[in-house]
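Participant: In my numbering, the protein residues as written are 697 to 878.
Using N, Cα and C, we set each Cβ at its ideal position, and we do this for glycine too.
For clarity, every value in this text was computed on a predicted model and none was experimentally measured.
Dropping the structure in here first, questions after.
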(Lines of atoms letter the chains of each structure in order from A and count residues from 1; the text may use other names and numbers.)
(Lines give C-alpha, C1' and ligand atoms only; values in the text may rest on other atoms or scores of the structure.)
Protein backbone atom coordinates (compact mmCIF):
# COMPACT_ATOMS: atom_id res chain seq x y z
CA UNK A 1 0.00 0.00 0.00
CA UNK A 2 1.27 3.46 -0.86
CA UNK A 3 1.95 5.97 1.89
CA UNK A 4 -0.58 8.79 2.10
CA UNK A 5 2.08 11.35 1.25
CA UNK A 6 2.83 9.57 -2.05
CA UNK A 7 -0.88 9.32 -2.92
CA UNK A 8 -1.33 13.00 -2.08
CA UNK A 9 1.60 13.89 -4.35
CA UNK A 10 0.43 11.80 -7.30
CA UNK A 11 -3.33 12.44 -7.06
CA UNK A 12 -3.57 16.02 -5.83
CA UNK A 13 -0.33 17.98 -5.70
CA UNK A 14 1.18 17.11 -9.10
CA UNK A 15 -1.97 17.83 -11.19
CA UNK A 16 -2.68 21.00 -9.17
CA UNK A 17 0.94 22.18 -9.62
CA UNK A 18 0.83 21.54 -13.38
CA UNK A 19 -2.45 23.42 -13.73
CA UNK A 20 -1.48 26.43 -11.59
CA UNK A 21 1.98 26.87 -13.11
CA UNK A 22 0.98 26.08 -16.69
CA UNK A 23 3.39 23.16 -16.94
CA UNK A 24 2.68 20.28 -19.33
CA UNK A 25 5.59 18.00 -18.41
CA UNK A 26 5.14 15.92 -15.24
CA UNK A 27 8.92 15.78 -14.76
CA UNK A 28 9.09 19.54 -14.23
CA UNK A 29 7.00 19.23 -11.06
CA UNK A 30 9.27 19.19 -7.97
CA UNK A 31 9.55 15.96 -6.02
CA UNK A 32 11.46 14.63 -3.04
CA UNK A 33 14.65 12.79 -3.98
CA UNK A 34 15.93 11.72 -0.58
CA UNK A 35 15.90 12.35 3.14
CA UNK A 36 19.14 12.20 5.12
CA UNK A 37 18.95 11.78 8.90
CA UNK A 38 22.11 12.60 10.82
CA UNK A 39 22.42 11.93 14.55
CA UNK A 40 25.48 13.29 16.35
CA UNK A 41 26.38 11.18 19.37
CA UNK A 42 29.73 12.69 20.24
CA UNK A 43 31.72 11.73 23.30
CA UNK A 44 29.12 9.35 24.74
CA UNK A 45 29.94 6.73 22.08
CA UNK A 46 33.64 6.67 23.07
CA UNK A 47 32.93 6.15 26.76
CA UNK A 48 30.09 3.66 26.45
CA UNK A 49 29.82 1.12 23.61
CA UNK A 50 26.29 0.20 24.71
CA UNK A 51 25.25 3.80 24.11
CA UNK A 52 26.42 3.50 20.48
CA UNK A 53 24.48 0.25 20.07
CA UNK A 54 21.35 1.78 21.60
CA UNK A 55 21.60 4.92 19.42
CA UNK A 56 22.06 2.69 16.36
CA UNK A 57 18.93 0.73 17.29
CA UNK A 58 16.96 3.96 17.78
CA UNK A 59 17.92 5.33 14.36
CA UNK A 60 17.31 1.95 12.71
CA UNK A 61 13.86 1.83 14.31
CA UNK A 62 13.03 5.35 13.11
CA UNK A 63 14.28 4.88 9.56
CA UNK A 64 13.64 1.21 8.84
CA UNK A 65 17.23 0.54 7.77
CA UNK A 66 20.64 0.19 9.38
CA UNK A 67 22.48 3.49 9.93
CA UNK A 68 26.02 4.22 8.79
CA UNK A 69 28.56 5.10 11.52
CA UNK A 70 30.31 8.40 10.76
CA UNK A 71 33.84 8.96 11.98
CA UNK A 72 36.01 12.06 12.44
CA UNK A 73 38.05 12.90 9.36
CA UNK A 74 40.58 15.08 11.20
CA UNK A 75 41.93 15.39 14.71
CA UNK A 76 40.85 18.56 16.54
CA UNK A 77 42.59 19.09 19.86
CA UNK A 78 40.12 21.71 21.11
CA UNK A 79 37.28 19.19 20.89
CA UNK A 80 39.43 16.30 22.19
CA UNK A 81 38.73 14.57 18.90
CA UNK A 82 41.05 12.14 17.15
CA UNK A 83 40.89 11.01 13.57
CA UNK A 84 38.73 7.90 13.22
CA UNK A 85 36.66 8.41 16.38
CA UNK A 86 32.92 7.76 16.10
CA UNK A 87 31.04 11.07 15.98
CA UNK A 88 27.59 10.14 14.73
CA UNK A 89 25.19 8.01 12.74
CA UNK A 90 23.67 8.70 9.36
CA UNK A 91 20.99 7.13 7.18
CA UNK A 92 19.72 8.05 3.70
CA UNK A 93 16.10 7.25 2.89
CA UNK A 94 14.58 6.99 -0.57
CA UNK A 95 11.34 5.65 -1.99
CA UNK A 96 8.87 3.86 0.26
CA UNK A 97 10.94 4.21 3.45
CA UNK A 98 11.29 7.95 2.86
CA UNK A 99 7.53 8.30 2.36
CA UNK A 100 6.73 6.33 5.51
CA UNK A 101 9.23 8.33 7.59
CA UNK A 102 7.89 11.67 6.35
CA UNK A 103 4.33 10.54 7.01
CA UNK A 104 5.18 9.79 10.66
CA UNK A 105 7.26 12.96 10.97
CA UNK A 106 4.57 15.33 9.68
CA UNK A 107 1.47 13.72 11.19
CA UNK A 108 2.71 12.28 14.48
CA UNK A 109 6.14 13.56 15.58
CA UNK A 110 5.88 17.28 14.79
CA UNK A 111 2.58 17.77 16.66
CA UNK A 112 4.20 16.09 19.70
CA UNK A 113 7.12 18.56 19.83
CA UNK A 114 6.74 20.88 22.80
CA UNK A 115 6.18 24.56 21.89
CA UNK A 116 6.34 23.77 18.17
CA UNK A 117 5.24 26.72 16.06
CA UNK A 118 6.45 25.53 12.67
CA UNK A 119 9.65 25.21 10.66
CA UNK A 120 11.81 28.19 9.75
CA UNK A 121 11.67 29.17 6.11
CA UNK A 122 15.28 30.42 6.38
CA UNK A 123 16.68 26.87 6.36
CA UNK A 124 16.76 26.42 2.59
CA UNK A 125 20.13 26.02 0.89
CA UNK A 126 19.53 28.02 -2.31
CA UNK A 127 19.03 24.96 -4.54
CA UNK A 128 15.76 23.58 -3.18
CA UNK A 129 17.18 21.60 -0.26
CA UNK A 130 15.76 22.06 3.22
CA UNK A 131 17.28 21.14 6.60
CA UNK A 132 15.95 21.28 10.14
CA UNK A 133 16.65 19.72 13.51
CA UNK A 134 14.65 17.70 16.00
CA UNK A 135 15.98 18.08 19.55
CA UNK A 136 14.48 14.93 21.07
CA UNK A 137 14.13 11.50 19.50
CA UNK A 138 11.31 10.51 21.84
CA UNK A 139 8.68 12.49 19.87
CA UNK A 140 8.42 9.50 17.53
CA UNK A 141 5.82 6.98 18.71
CA UNK A 142 7.95 3.86 18.10
CA UNK A 143 10.59 4.95 20.61
CA UNK A 144 10.35 3.46 24.07
CA UNK A 145 12.41 4.68 27.04
CA UNK A 146 15.79 2.94 27.12
CA UNK A 147 18.07 2.93 30.17
CA UNK A 148 21.16 2.77 27.94
CA UNK A 149 20.38 6.21 26.49
CA UNK A 150 20.86 8.76 29.25
CA UNK A 151 19.97 11.89 27.25
CA UNK A 152 17.72 13.05 24.44
CA UNK A 153 19.22 12.33 21.05
CA UNK A 154 18.80 15.12 18.54
CA UNK A 155 18.90 14.68 14.82
CA UNK A 156 19.31 16.76 11.69
CA UNK A 157 16.90 15.99 8.87
CA UNK A 158 17.83 17.14 5.36
CA UNK A 159 15.27 17.00 2.54
CA UNK A 160 16.56 17.02 -1.02
CA UNK A 161 14.05 18.14 -3.67
CA UNK A 162 14.22 18.69 -7.41
CA UNK A 163 12.89 22.25 -7.02
CA UNK A 164 14.87 24.91 -8.83
CA UNK A 165 14.58 27.62 -6.17
CA UNK A 166 13.91 28.06 -2.48
CA UNK A 167 10.50 29.64 -3.06
CA UNK A 168 9.45 26.75 -5.28
CA UNK A 169 10.74 24.21 -2.72
CA UNK A 170 8.93 25.97 0.14
CA UNK A 171 5.68 26.06 -1.81
CA UNK A 172 6.08 22.36 -2.66
CA UNK A 173 6.84 21.32 0.93
CA UNK A 174 3.92 23.38 2.28
CA UNK A 175 1.58 21.58 -0.10
CA UNK A 176 2.98 18.23 1.14
CA UNK A 177 2.05 19.22 4.69
CA UNK A 178 5.19 20.74 6.26
CA UNK A 179 4.23 23.57 8.64
CA UNK A 180 6.25 26.77 8.14
CA UNK A 181 6.22 30.04 10.05
CA UNK A 182 7.35 33.39 8.71
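With three or more C-beta pairs closer than 8 Å as the rule, is the segment 791-798 touching the segment 725-745?
Facilitator: Cβ pair count under 8 Å is three or more, so yes.
Participant: My guess is that residue 735 and residue 806 are in contact by the Cβ rule of under 8 Å, so how many angstroms apart are they, rounded?
Facilitator: Not a contact, Cβ separation roughly 18 Å.
Participant: Please return the same chain residues whose Cβ sits closer than 8 Å to the Cβ of residue 712, not counting the five positions on each side in sequence.
Facilitator: Correct list, in chain order: 871.
Participant: So if DSSP puts residue 857 in a beta bridge, which residue, or which two residues, is it bridged to?
Facilitator: Answer by DSSP bridge pairing, in chain order: 728.
Participant: For the putative contact between residue 814 and residue 877, defined by C-beta atoms under 8 Å, what is the C-beta separation to the nearest angstrom?
Facilitator: Sure, about 4 Å apart at Cβ, within 8 Å.
Participant: Would the beta-carbon of residue 767 fall within 8 Å of that of residue 783?
Facilitator: Closer than 8 Å, so yes.
Participant: Just tell me which of 856, 838, 717 has its CA closest to the CA of residue 828.
Facilitator: Among 856, 838, 717, the Cα nearest to that of residue 828 is on 856.
Participant: Using CA atoms only, rank isn't needed, just tell me which of 776, 773, 761 is closest to residue 786.
Facilitator: For the residues 776, 773, 761, the minimum Cα distance to residue 786 belongs to 761.
Participant: With distances taken between CB atoms, is the gap from residue 873 to residue 802 smaller than 8 Å?
Facilitator: Yes, the Cβ-Cβ distance between residue 873 and residue 802 is below 8 Å.
Participant: Compute the Euclidean distance between the alpha carbons of residue 706 and residue 714, then round it to the nearest angstrom.
Facilitator: Roughly 11 Å separates the two Cα atoms.
Participant: With a 10 Å radius around its C-beta and 16 neighbouring C-beta atoms as the bar for buried, classify residue 701 as buried or exposed.
Facilitator: Residue 701 should be labelled buried.
Participant: By Cβ distance, which residues of its chain are closer than 8 Å to residue 759, with the 5 residues on each side in sequence left out?
Facilitator: Counting only Cβ-Cβ distances below 8 Å, and skipping sequence neighbours, we find 733, 787, 789, 793, 797.
Participant: Go ahead and pull the three-state DSSP assignment for residue 835.
Facilitator: Here residue 835 sits in helix by DSSP.
Participant: Which word fits residue 809, buried or exposed, when buried means at least 16 other C-beta atoms lie within 10 angstroms of its C-beta?
Facilitator: Flag for residue 809 reads exposed.
Participant: Under 6 Å Cβ to Cβ from residue 837, same chain only, skipping five residues before and after it: list those, please.
Facilitator: Taken in chain order, the residues that qualify are 804.
Participant: For residue 873, which beta-bridge partners are listed by DSSP?
Facilitator: Beta-bridge pairing links residue 873 to no other residue.
Participant: Note down, in chain order, each residue of its chain lying with its Cβ closer than 7 Å to the Cβ of residue 879, except the 5 sequence neighbours on either side.
Facilitator: The chain is shown only over 697 to 878; residue 879 falls outside these bounds and no answer can be derived.
Participant: Using a Cβ-Cβ cutoff of less than 7 Å, which residues in the same chain neighbour residue 765 once the five nearest sequence positions on both sides are dropped?
Facilitator: These residues qualify, in order along the chain: 782, 785.
Participant: Looking at C-alpha atoms only, which residue of 716, 824, 800, 849 is the closest neighbour of residue 865?
Facilitator: Nearest C-alpha to residue 865: 824.
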